[in-house]
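**Student:**
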Amino acid sequence: MKIERVELRKIRLPYVTPFETSGWREDGSYAVIVRVDAAGITGWGESPVGSSPFYNEENTNTVWTIQQDFLVPMLLQADLQGPEDVPPAFARVRGNRMAKAGLEFAVWDLFGKLQGRSLKEMLGGTRDRVPVGVSVGIQKDIDTLIRVVGNYLEEGYRRIKLKIRPGWDIEPTRAVRNTWPDLMLQVDANSIYHLSDAEHLARLDEFNLLLIEQPLEHDDIFDHAKLKPHLKTPLCLDESIVSPAHARWAIEMQACDIINIKPSRIGGFVDAKRIHDMAQEAGMPVWHGGMLETGIGRAANVALASLPNFSLPGDISANARYFARDIVHNPFTLNEDSTLTVPTAPGCGAEVDEAYLDEVTVERWEMRA
Ligand code: OSB
Ligand code: MG
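Numbering (the working numbering), first residue to last: 23 to 391.
Right, here's the structure in full:
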């Protein structure tokens with residue numbers, strides 16, 4: 023099958039509250055939304071990229087130009103038997119994984135609708151509900167943090183992740199742990215520390231955390247392997263694992279105990295599933311991270327998170343945690359057991375609100391075969 027038309031949109035969709043990490047602060051989604059059309063069917067995808075290259079090397083504008091100049095022409099030329107044929111079509115383009123992922127997502131949605139199969143079914147998901155938590159950004163002080171975490175717990179979330187950085191690590195974590203001694207709690211440093219901080223990071227061991235995520239450099243695996251013996255807290259990699267090869271290196275080097283899988287960081291579902299399967303084989307748990315996706319990327323993430331080796335709650339909160347109004351008609355709501363229900367409709371299951379999407383679109387581009 024040939025894709026007949028690809029449409030790209032830049033959007034500006036404000037968050038309900040700005041999100042701050044050790045390295046950046048973002049006030050809304052600057053994602054690129056992808057639409058593909060073939061055989062009278064429409065598939066939707068999302069590159070959930072930030073406005074600045076502060077998480078990985080990509081930003082909205084790099085996704086925009088790499089898709090237009092290279093990936094979309096390659097996609098329009100490819101003869102696709104299924105979504106698995108997309109990564110080989112993009113193979114000559116190095117990196118730029120978020121740009122690739124948005125297009126691959128849209129092709130999965132298209133094939134799902136064409137074949138009447140849900141993304142869960144296509145990927146081999148085994149669960150009807152997936153456990154989720156909330157990633158809580160850096161707050162202005164500890165009182166505010168306790169109030170913010172308390173509100174999420176009141177909404178029913180049972181797992182909390184705290185963003186940390188030097189000066190906002192031990193004490194905020196202690197305060198949350200002391201307030202909720204049994205809470206499932208974890209922290210994420212987004213690559214702000216160095217191997218020389220090993221003893222400092224070991225101070226987090228007393229808080230009985232589920233894991234510490236990506237303490238060291240974004241492109242490092244070697245130093246994480248050196249850090250791991252210093253920590254009792256399970257070590258999880260996010261930024262460093264961008265391909266199945268990286269996952270294999272981390273597993274063989276014993277650089278981590280757990281992997282955070284984000285299909286957008288890895289270039290799509292094909293390779294994300296490979297990492298899931300490889301980790302399962304190695305006896306290593308994975309969990310599903312998030313990039314503050316809109317309702318489109320979120321639906322796809324929930325489907326992937328229904329695979330069996332996703333053993334810890336995901337950073338896939340209900341849409342209302344991010345947006346006052348999302349670009350879909352069917353946002354997820356939190357179930358009473360801190361889960362989201364996996365969509366069963368053909369494709370990713372997101373029903374795109376095209377009128378609202380038009381409203382939040384700031385730039386549009388299309389190419390036909
Ligand atoms: O490091 O996991 C991260 C958001 C944007 C970029 C990187 C990260 C995050 C989050 C939020 O932690 C996860 C979510 O709720 O989508
Ligand atoms: Mg992270």
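All C-beta atoms in this analysis are idealised placements derived from N, C-alpha and C, irrespective of residue type, glycine included.
1) In the region 274 to 328, which residue ranges form an unbroken beta strand (DSSP E) of at least 3 residues, counting only runs that do not cross its ends?
2) Closer than 6 Å by C-beta to G289: which residues in its own chain qualify, once you throw out the five before and the five after it? Chain order, please.
3) Bridge partners of I33, per DSSP?
4) How long is the line joining the alpha carbons of K202 and Q236, rounded to whole angstroms?
5) Is it the case that the CB of E381 approaches a heavy atom of the ligand MG more closely than 7 Å?
6) Going by alpha carbons, who is nearest to E26 out of G65, T363, F345?
7) Over what stretch of residues does the alpha helix (DSSP H) that includes T363 continue unbroken?
8) Verify whether the separation of the beta carbon atoms of K185 and V364 is less than 8 Å.
9) Among D293, I214, L314, which residue has its Cα nearest to the Cα of D241?
10) Does the region 277 to 295 come close enough to the region 124 to 137 that 3 or more CB-CB pairs lie under 8 Å?
11) Where DSSP assigns a beta bridge to C258, which residues make up the other side?
12) Mapping the DSSP letters down to three states, classify F112 as helix, strand or coil.
13) Confirm, please, whether the CB-CB distance from I338 to V308 is below 8 Å.
14) Is it buried or exposed for A391, if we count other Cβ within 10 angstroms and need 16 for buried?
15) With a floor of 3 residues, list each beta strand (DSSP E) that falls wholly inside the region 201 to 252, ordered by position along the chain.
16) Grab the span of the beta strand (DSSP E) containing A60 for me, first residue to last.
**Tutor:** In short, the structure shows the following:
1) 280 to 283, 308 to 310
2) On the sequence shown, residue 289 is found 267 positions in, with the first residue counted as 1. Closer than 6 Å at Cβ, skipping near neighbours: R119, K122, A123.
3) Start at 1 with the first residue of the sequence shown, and residue 33 comes out as number 11. Bridge partners of I33: T383.
4) The residue you call residue 202 lines up with position 180 of the sequence shown. The residue you call residue 236 lines up with position 214 of the sequence shown. For the sequence presented, residue 202 should be read as Trp rather than Lys. Going from the Cα of W202 to the Cα of Q236 covers about 24 Å.
5) The residue you call residue 381 lines up with position 359 of the sequence shown. No, the ligand MG has no heavy atom inside 7 Å of this Cβ.
6) In the sequence shown, the residue the question calls residue 26 occupies position 4. Among G65, T363, F345, the Cα nearest to that of E26 belongs to G65.
7) Taking the sequence shown and counting its residues from 1, the one referred to as residue 363 is at position 341. Unbroken run through T363 is the beta strand (DSSP E), 361 to 363; no alpha helix (DSSP H).
8) The residue you call residue 185 lines up with position 163 of the sequence shown. The residue you call residue 364 lines up with position 342 of the sequence shown. Cβ atoms of K185 and V364: not closer than 8 Å.
9) Translated into positions along the sequence shown, residue 241 becomes position 219. The residue with the shortest Cα to Cα distance from D241 is I214.
10) yes
11) Sequence index remark: in the sequence shown, residue 258 carries index 236 (1-based). Paired residues: E235, I280.
12) Here residue 112 refers to the residue found at position 90 when the sequence shown is read from its first residue. Three-state result, F112: coil.
13) Along the sequence shown, one-based indexing puts residue 308 at 286. Along the sequence shown, one-based indexing puts residue 338 at 316. No, these two residues do not count as a Cβ contact at 8 Å.
14) Against the sequence shown, residue 391 aligns to sequence position 369. Exposed: under 16 other Cβ atoms inside 10 Å.
15) 206 to 210
16) Locating residue 60 in the sequence shown gives position 38, where the first residue counts as 1. Segment 54 to 60, the beta strand (DSSP E) holding A60.
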